[in-house]
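Data first, discussion second: the structure below is written as structure tokens.
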Amino acid sequence: MADAHVDHVREHYNKHTKTQTREEALKAREEGVAVPLKRFHNSIKRALINRFASNANRVIDLACGRGGDIRKWFDANIRYVKGIDLSPAEIGEAKLRYRQIKDERYQDHPLTCEFECTDQLGTSELDLAKDGEFDAVTCMFAIHYFFYSEQTLKMFFRNASKALKNRGFFVATCPDGKRVMAELGLQAEVRKPLLHLQRKWEDPKKPQPFGSAYTMHVQDTVVEAHEGFSEGSLEYLVFRNVLAGVAAQFDLFPMNDFWGKDLRGYFEEDSGFVRHFKPSFPGSDKSLEEASRLNQAIVLQKREKPNARHFRLMEAYTQAIEEFKLTHDGGGDAVAGVGPSRKREDEGAGEGPSKKRQRPK
Numbered sequence: 001m002a003d004a005h006v007d008h009v010r011e012h013y014n015k016h017t018k019t020q021t022r023e024e025a026l027k028a029r030e031e032g033v034a035v036p037l038k039r040f041h042n043s044i045k046r047a048l049i050n051r052f053a054s055n056a057n058r059v060i061d062l063a064c065g066r067g068g069d070i071r072k073w074f075d076a077n078i079r080y081v082k083g084i085d086l087s088p089a090e091i092g093e094a095k096l097r098y099r100q101i102k103d104e105r106y107q108d109h110p111l112t113c114e115f116e117c118t119d120q121l122g123t124s125e126l127d128l129a130k131d132g133e134f135d136a137v138t139c140m141f142a143i144h145y146f147f148y149s150e151q152t153l154k155m156f157f158r159n160a161s162k163a164l165k166n167r168g169f170f171v172a173t174c175p176d177g178k179r180v181m182a183e184l185g186l187q188a189e190v191r192k193p194l195l196h197l198q199r200k201w202e203d204p205k206k207p208q209p210f211g212s213a214y215t216m217h218v219q220d221t222v223v224e225a226h227e228g229f230s231e232g233s234l235e236y237l238v239f240r241n242v243l244a245g246v247a248a249q250f251d252l253f254p255m256n257d258f259w260g261k262d263l264r265g266y267f268e269e270d271s272g273f274v275r276h277f278k279p280s281f282p283g284s285d286k287s288l289e290e291a292s293r294l295n296q297a298i299v300l301q302k303r304e305k306p307n308a309r310h311f312r313l314m315e316a317y318t319q320a321i322e323e324f325k326l327t328h329d330g331g332g333d334a335v336a337g338v339g340p341s342r343k344r345e346d347e348g349a350g351e352g353p354s355k356k357r358q359r360p361k
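With the first letter of the sequence shown counted as 1, position 51 gets the number 51 in my numbering; the numbers rise by one all the way through.
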């Protein structure tokens with residue numbers, strides 16, 4: 001990523017790193033206005049990790065932040081996790097958190113976590129000790145930063161694919177660009193009690209597939225505005241077919257059938273490789289639900305030997321990206337959703353998971 005963009009993201013998250021004791025941090029977390037959202041989002045991440053990484057030997061977490069999923073990794077019985085992030089302050093906190101959690105509750109658990117600080121995730125290939133050895137790659141609430149440019153997203157997926165075993169899973173959560181656009185409408189800015197959005201791209205109806213920036217502030221979360229970042233987190237619109245088209249170039253294809261009892265109730269849809277969050281926070285301001293509803297879960301599967309269906313998908317998504325570039329129309333089904341003519345191709349592109357409560361094969 002461009003140096004200025006990397007510096008901006010790094011500084012935003014560095015400043016969100018707390019200097020509190022662990023007890024103070026836990027108390028603050030339980031008293032904040034966004035507690036229902038945090039619990040719901042953590043439940044979704046836990047369910048996804050259990051579904052696609054339980055009993056895994058090796059997992060890599062891209063943009064791991066402060067290690068907020070460490071307990072989930074322990075509980076999913078994962079044996080090794082490598083966390084990567086560009087914020088040195090957050091990596092330092094993740095290392096401390098791992099040691100504390102292991103010492104307190106999981107002394108005999110085989111999980112080993114290693115954390116690495118690097119800003120090369122979207123700019124150059126990672127030097128992984130064991131390429132192609134990871135069972136799953138996760139990226140929770142961060143892939144939108146790599147939509148800064150086509151080059152950064154391609155390098156991101158190159159690294160994810162390089163890490164994964166064949167038939168391994170890529171699991172991500174992020175805001176849906178189409179829903180961000182719908183929330184903004186034709187306005188440059190939307191301000192609600194707990195949610196602020198501000199459009200940074202020029203024409204509200206004509207975003208670019210990459211680099212269409214906006215700022216998001218959700219009170220009492222890591223994207224909250226703070227000193228030096230009065231508008232919140234600088235992010236980029238994510239369009240599902242653009243994502244799928246780029247990912248397919250690196251043998252990562254949509255995993256449409258990932259339903260299960262452990263995921264039921266969290267999402268609006270019961271099919272498709274994108275599932276939108278379905279929050280319910282009674283007693284909270286409705287803008288907290290609206291903030292959560294912007295988000296989606298995405299699951300891809302690595303296929304080193306794509307079949308004819310995968311090639312048709314790749315062609316359809318590549319065409320969608322080119323159409324997007326020509327028309328600058330981010331709202332159409334050909335780009336932001338799956339159009340009727342492509343729906344049958346999109347179905348079943350990934351291999352369905354086992355009905356048992358275990359990681360799909």
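A virtual CB, placed ideally from N, CA and C, is assigned to each residue, including glycine.
Bounds of any alpha helix (DSSP H) do not take in Met216; it lies within the beta strand (DSSP E) bounded by Ala213 to Val218. The way I'd put it, the stretch 260-280 doesn't touch the stretch 308-324; fewer than three beta-carbon pairs between them come closer than 8 Å.
Residue environment analysis places Leu326 among the exposed positions, since fewer than 16 neighbouring C-beta atoms fall within 10 angstroms of its C-beta. In this structure, Val246 keeps its C-beta atom at 8 Å or more from the C-beta atom of Ala136. Between Leu195 and Val218, the CB-CB gap stays under 8 Å.
Distances from the CA of Lys45 to each of Ser87, Phe277 and Met216 were compared; the closest alpha carbon is that of Phe277. Annotated three-state conformation of Ala160 is helix, per DSSP.
In this structure, Glu93 places its C-beta atom within 8 Å of the C-beta atom of Arg66. For His41 and Asn295, the gap between their C-alpha atoms comes out near 10 Å.
The residue among Arg97, Phe115 and Leu111 with its C-alpha nearest the C-alpha of Pro88 is Phe115. By the neighbour-count criterion, in which a residue is buried when 16 or more other Cβ atoms sit within 10 angstroms of its Cβ, Glu235 is buried. Counting along the chain, the unbroken alpha helix (DSSP H) around Ala94 starts and ends at Pro88 to Arg105. Counting along the chain, the unbroken alpha helix (DSSP H) around Leu37 starts and ends at Val35 to Ala53. Beta-carbon to beta-carbon, Leu96 and Ser292 are separated by about 29 Å, too far to satisfy the 8 Å threshold. Bounds of the alpha helix (DSSP H) holding Ala182 are Gly177 to Leu184.
The stretch 120-128 and the stretch 141-158 touch, with no fewer than 3 CB-CB distances between them shorter than 8 Å. Nearest Cα to Arg240 within the set Met140, Arg158 and Gly177: Gly177. The bridge partners DSSP lists for Asp61 are Gly83 and Thr138. Among the bridge pairs identified by DSSP, Pro207 is matched with none. The beta-carbon separation of Phe134 and Gly168, rounded to 6 Å, stays under the 8 Å limit for a contact. Nearest neighbour of Thr138 by Cα position, chosen from Thr221, Lys205, Gly68 and Ala34, turns out to be Gly68. In this structure, Glu304 sits near Asn166, with a CB-CB distance shorter than 8 Å. Counting along the chain, no alpha helix (DSSP H) covers Phe115; the unbroken beta strand (DSSP E) around it starts and ends at Thr112 to Cys117. In the DSSP assignment, Leu300 falls outside any alpha helix (DSSP H) and within the unbroken beta strand (DSSP E) covering Asn295 to Lys302. At a Cβ-Cβ threshold of 8 Å, Val238 and His144 count as neighbours. DSSP, read as helix, strand or coil, puts Ser287 in helix.
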